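Chemist: Same order as they appear, the protein sequences are chains A and B.
One point on numbering: in this note's numbering, the residue at position 46 of the first sequence is 47, and numbering is uninterrupted.
One point on numbering: in this note's numbering, the residue at position 228 of the second sequence is 229, and numbering is uninterrupted.
Think of the CB as a built atom: it goes at the ideal place given N, C-alpha and C, for glycine as much as any other residue.
Small disclaimer: the values here were computed from a predicted structure and weren't measured.
2 protein chains.
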Amino acid sequence: MKDLKINNQPVTLVDQVEAKLLEYIKTEDLNPGSSMPNEQTLAKALGVARGVLREALSRLRMLGLIETRTQRGMVLKEPSILGGMLRVADPLLLSELSLLDVLEFRVALELGISSDIFRKITKKDIEELEVIVEKGIILEHNEYALASEYAFHSKLYEITGNQTIIQFQKIINPIITFVKDKFEENFKPINIELEKENRIVTHADLLECIKTGDVNAYRDKLDCHFLIYSIFLNEKRKLSKK
Amino acid sequence: MKDLKINNQPVTLVDQVEAKLLEYIKTEDLNPGSSMPNEQTLAKALGVARGVLREALSRLRMLGLIETRTQRGMVLKEPSILGGMLRVADPLLLSELSLLDVLEFRVALELGISSDIFRKITKKDIEELEVIVEKGIILEHNEYALASEYAFHSKLYEITGNQTIIQFQKIINPIITFVKDKFEENFKPINIELEKENRIVTHADLLECIKTGDVNAYRDKLDCHFLIYSIFLNEKRKLSKK
DNA sequence: TTATTCCTATTTGTAGGACAAATATAATAA
DNA sequence: TTATTATATTTGTCCTACAAATAGGAATAA
Numbered sequence: 002m003k004d005l006k007i008n009n010q011p012v013t014l015v016d017q018v019e020a021k022l023l024e025y026i027k028t029e030d031l032n033p034g035s036s037m038p039n040e041q042t043l044a045k046a047l048g049v050a051r052g053v054l055r056e057a058l059s060r061l062r063m064l065g066l067i068e069t070r071t072q073r074g075m076v077l078k079e080p081s082i083l084g085g086m087l088r089v090a091d092p093l094l095l096s097e098l099s100l101l102d103v104l105e106f107r108v109a110l111e112l113g114i115s116s117d118i119f120r121k122i123t124k125k126d127i128e129e130l131e132v133i134v135e136k137g138i139i140l141e142h143n144e145y146a147l148a149s150e151y152a153f154h155s156k157l158y159e160i161t162g163n164q165t166i167i168q169f170q171k172i173i174n175p176i177i178t179f180v181k182d183k184f185e186e187n188f189k190p191i192n193i194e195l196e197k198e199n200r201i202v203t204h205a206d207l208l209e210c211i212k213t214g215d216v217n218a219y220r221d222k223l224d225c226h227f228l229i230y231s232i233f234l235n236e237k238r239k240l241s242k243k
Numbered sequence: 002m003k004d005l006k007i008n009n010q011p012v013t014l015v016d017q018v019e020a021k022l023l024e025y026i027k028t029e030d031l032n033p034g035s036s037m038p039n040e041q042t043l044a045k046a047l048g049v050a051r052g053v054l055r056e057a058l059s060r061l062r063m064l065g066l067i068e069t070r071t072q073r074g075m076v077l078k079e080p081s082i083l084g085g086m087l088r089v090a091d092p093l094l095l096s097e098l099s100l101l102d103v104l105e106f107r108v109a110l111e112l113g114i115s116s117d118i119f120r121k122i123t124k125k126d127i128e129e130l131e132v133i134v135e136k137g138i139i140l141e142h143n144e145y146a147l148a149s150e151y152a153f154h155s156k157l158y159e160i161t162g163n164q165t166i167i168q169f170q171k172i173i174n175p176i177i178t179f180v181k182d183k184f185e186e187n188f189k190p191i192n193i194e195l196e197k198e199n200r201i202v203t204h205a206d207l208l209e210c211i212k213t214g215d216v217n218a219y220r221d222k223l224d225c226h227f228l229i230y231s232i233f234l235n236e237k238r239k240l241s242k243k
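Okay, here's the thing in structure tokens:
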């Protein structure tokens with residue numbers, strides 16, 4: 002076992018069993034609902050103690066890949082592609098570098114769904130956005146109350162109808178909120194400057210583009226709406242290179 | 002334990018221990034490199050058998066949150082935000098619906114990083130893209146050989162310098178490749194039609210926009226480059242609604 | 001015949017003990 | 001002081017036993 006290491010961590014029997022179980026599931030072409038052999042059988046087949054097998058199965062259970070039932074045994078499920086992220090997407094667990102990556106990722110994604118939004122939006126969606134914008138609480142310098150910010154932007158994600166994108170945005174929202182709070186003092190002067198230059202884009206501005214169906218104007222304004230993050234990230238990246 | 006279920010799955014002691022460990026790590030404000038109490042101590046503190054604790058710790062190990070060392074004990078690490086995705090991002094594990102979500106996610110993301118690319122790109126990057134485009138192998142109807150397709154697009158991701166985005170694209174690439182292969186017969190007629198309408202955008206076209214610095218033209222052309230996916234996804238989504 | 005209830009067998013979940021394996025640290029020698 | 005060796009410590013693995021929770025079959029009632 003001495004020579005079996007990844008990232009200087011020994012590759013334990015549990016790691017190996019986990020990999021073998023994944024392989025088994027894939028090669029047997031098992032589908033959600035399929036049963037797997039019971040623990041005793043699997044442990045014997047893999048030549049490990051039941052405890053080791055259980056540790057590996059526990060991992061699969063966490064991934065959502067299996068459900069376990071007394072008597073029936075283990076049943077396959079489709080894993081959640083973002084299930085792992087859900088567990089670790091916490092500002093207390095991640096480095097600042099990763100948090101900034103996520104912020105940038107989120108900005109890029111929202112710019113990227115613009116075409117999808119315009120393609121898929123309904124009259125009802127627009128009405129809902131109107132309500133959100135009307136009820137939105139604006140603090141100073143185009144800062145929105147957290148709930149207003151979340152309501153508007155998550156509605157945009159919902160319009161895509163893409164469950165993975167929608168779930169992604171929900172998962173990372175605590176990170177976005179945290180970063181905005183932590184670096185409030187950095188964001189404030191940027192915002193004031195943007196305000197002076199008349200480069201503030203409100204939710205109402207964005208909604209106006211949506212209503213007129215001008216996706217290019219929407220993208221430009223959204224890019225501008227997020228300029229505060231781009232400027233902030235550029236500054237942080239510059240500092241971190243020194 | 003009868004009343005403690007989530008999604009009709011019993012919440013086991015292992016689930017509870019996992020949650021408590023995560024809570025402990027967060028509330029103790031532990032950082033990468035910090036040590037945790039050893040297994041015996043933790044098991045006693047949590048009032049569970051060592052086996053149960055080990056199952057929960059095994060999960061944390063999988064997430065990359067802890068490293069385990071004999072004598073030293075367990076040491077905290079920063080988890081990889083995409084580590085869980087890496088394990089399940091496999092076409093053999095995911096439903097078709099999820100695969101299509103991922104395809105759409107990827108398209109949106111690449112559209113979304115356009116501003117970042119133009120902001121961050123260097124002369125060297127452009128030269129590398131030129132080499133990639135020159136060496137690119139084009140099949141018929143603007144289909145690129147897999148390696149050429151991957152080389153061009155992954156270079157774009159690399160230009161962002163955002164490690165999370167870069168890793169994301171790598172992780173989902175097998176999915177993208179699988180979907181393109183599986184639905185080849187669907188893509189072909191769309192491609193032929195786009196070719197007739199002169200709506201084919203090549204990597205060389207995109208590179209030209211990059212070189213002239215026209216981000217809006219780039220976005221339009223990229224949207225067009227991905228039109229085949231948008232049309233395909235719309236058709237699949239229409240069918241699945243009936 | 002069908003529906004409901006009860007019972008049994010089966011499997012997972014948990015506990016505890018033992019010992020091997022791999023360090024990390026302390027002690028000793030050069 | 002540095003290098004080597006020995007020891008203590010902790011994780012990794014194995015085993016046994018039994019509790020808990022079904023799942024499915026059998027029996028009974030309508």
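Buried or exposed, going by whether 16 or more other CB atoms sit within 10 Å of the CB of A:N192?
Modeler: Counting Cβ neighbours within 10 Å, A:N192 comes out buried, since at least 16 surround it.
Chemist: Tell me which residue opens and which closes the alpha helix (DSSP H) that A:E209 is part of.
Modeler: Per DSSP, A:E209 belongs to the alpha helix (DSSP H) from H204 to T213.
Chemist: Counting contacts by CB-CB distance shorter than 8 Å, is B:T123 in contact with chain A?
Modeler: No, no contact with chain A.
Chemist: Based on the DSSP secondary-structure assignment, which residues constitute the bridge partners of A:P11?
Modeler: Note: A:P11 sits in a beta bridge opposite A:K6.
Chemist: Would B:S35 be called buried (16 or more neighbouring beta carbons within 10 Å of its own) or exposed?
Modeler: Exposed: under 16 other Cβ atoms inside 10 Å.
Chemist: Note down, one range per segment and in chain order, each alpha helix (DSSP H) of at least 4 residues found wholly within the segment 138-222 of chain A.
Modeler: Runs of the alpha helix (DSSP H) inside the segment 138-222 of chain A: 147-161, 164-183, 185-197 and 204-213.
Chemist: Alpha carbon to alpha carbon, what distance is there between A:K125 and B:K242?
Modeler: Each residue's Cα considered, the two are about 19 Å apart.
Chemist: In whole angstroms, give me the CA-to-CA distance for B:D206 and A:E24.
Modeler: Those two C-alpha atoms are separated by around 41 Å.
Chemist: Please say whether B:E56 and B:V12 have beta carbons closer to each other than 8 Å?
Modeler: Against a cut-off of 8 Å, the Cβ pair of B:E56 and B:V12 comes out as no contact.
Chemist: Where in the segment 29-73 of chain A do unbroken runs of the beta strand (DSSP E), each at least 3 residues long, occur, reported from the N-terminal end onward?
Modeler: With a minimum length of 3 residues, the continuous beta strand (DSSP E) runs that stay inside the segment 29-73 of chain A are 67-70.
Chemist: Leaving out five residues before and five after B:L54 in sequence, what residues of the same chain have Cβ atoms less than 7 Å from its Cβ?
Modeler: So the list reads V18, E40, L43, A44 and L47, once near-sequence residues are dropped.
Chemist: In or out: A:I138 buried (at least 16 other Cβ within 10 Å) or exposed?
Modeler: Per the 10 Å Cβ criterion, exposed.
Chemist: Any beta-carbon of chain B closer than 8 Å to the one on A:P247?
Modeler: Chain A is shown from 2 up to 243; residue 247 of chain A falls before or after that span and cannot be answered.
Chemist: Give the residues of chain A in contact with B:Q10, contact being defined as C-beta atoms less than 7 Å apart.
Modeler: Per Cβ cutoff of 7 Å: E68.
Chemist: Cα-Cα, which of A:M37, A:C210 and A:T69 is closest to A:I127?
Modeler: Out of A:M37, A:C210 and A:T69, A:C210 has the C-alpha closest to the C-alpha of A:I127.
Chemist: Looking only at its chain, what residues have a beta carbon closer than 7 Å to the beta carbon of A:I232, apart from the 5 residues adjacent to it on each side?
Modeler: Answer for A:I232: I191, listed in chain order.
Chemist: For A:F106 and chain B, any beta-carbon pair shorter than 8 Å?
Modeler: Chain B contact via Cβ: present.
Chemist: Helix, strand or coil: how does DSSP classify B:L95 here?
Modeler: B:L95: coil per DSSP, three-state reduction.
Chemist: Between the Cα of A:D221 and those of B:N217, B:L223, B:K222 and B:D224, spot the shortest distance and give me the residue it belongs to.
Modeler: When only C-alpha atoms are compared, the closest one is B:N217.
Chemist: Just to check my reading of the structure: A:K27 and B:L61 have Cβ atoms closer than 8 Å, yes? What is that Cβ distance to the nearest angstrom?
Modeler: Between B:L61 and A:K27 the Cβ distance is about 25 Å, and since that is not below 8 Å, they are no contact.
Chemist: Quick check: the segment 93-103 of chain B against the segment 93-107 of chain A, are there 3 or more CB pairs under 8 Å?
Modeler: No, because fewer than three Cβ pairs between the segment 93-103 of chain B and the segment 93-107 of chain A fall closer than 8 Å, the two stretches do not touch.
Chemist: For A:Q41 and chain B, any beta-carbon pair shorter than 8 Å?
Modeler: False, the Cβ-Cβ gap to chain B never drops below 8 Å.
Chemist: Quick check: the segment 103-119 of chain B against the segment 162-169 of chain B, are there 3 or more CB pairs under 8 Å?
Modeler: Touching, yes.
Chemist: Taking 8 Å as the threshold (beta carbon to beta carbon), is A:K27 in contact with chain B?
Modeler: So, interface residue.
Chemist: Let's see if you can read the secondary structure: which residues bound the alpha helix (DSSP H) around B:F119?
Modeler: Per DSSP, B:F119 belongs to the alpha helix (DSSP H) from S115 to K121.
Chemist: With the cut-off set at 8 Å, would you say A:F153 and A:V180 are in Cβ contact?
Modeler: Cβ distance not < 8 Å, so A:F153 and A:V180 don't count as in contact.
Chemist: Can you name the residues that DSSP bridges to A:L77?
Modeler: A:L77 pairs with A:I67.
Chemist: Tell me, please, whether the CB atom of A:L140 is closer than 8 Å to any CB atom in chain B?
Modeler: It does not; no Cβ of chain B falls within 8 Å.
Chemist: Take B:M37 and list the residues in its own chain whose beta-carbon comes closer than 6 Å to its own, dropping the five residues that flank it on each side.
Modeler: Hits under 6 Å: M75.
Chemist: Closer than 8 Å between beta carbons: that is the criterion. Which residues of the segment 157-182 of chain A meet it against chain B?
Modeler: Here the close residues are T161, G162, N163, Q164, T165, I166 and F169.
Chemist: Can you grab the Cα-Cα spacing for the pair A:L22 / A:T213, in whole Å?
Modeler: Taking the straight line from one Cα to the other gives about 53 Å.
Chemist: If you run the structure through DSSP and keep just helix, strand and coil, what is B:F106?
Modeler: Residue state, collapsed to three classes: helix.
Chemist: Report the neighbours of B:N217 on chain A: residues whose CB is nearer than 9 Å to its CB, in chain order.
Modeler: By Cβ distance, chain A contributes N217, R220 and D221.
Chemist: Taking the continuous alpha helix (DSSP H) assigned at A:L130, which residues delimit it?
Modeler: Where A:L130 is concerned, the enclosing alpha helix (DSSP H) stretches over K124 to K136.
Chemist: So which residues of chain A does B:I114 contact, with C-beta pairs closer than 7 Å?
Modeler: Within 7 Å Cβ-Cβ: A109.
Chemist: Where do the ends of the alpha helix (DSSP H) carrying A:K239 lie?
Modeler: L228 to S241 is the extent of the alpha helix (DSSP H) around A:K239.
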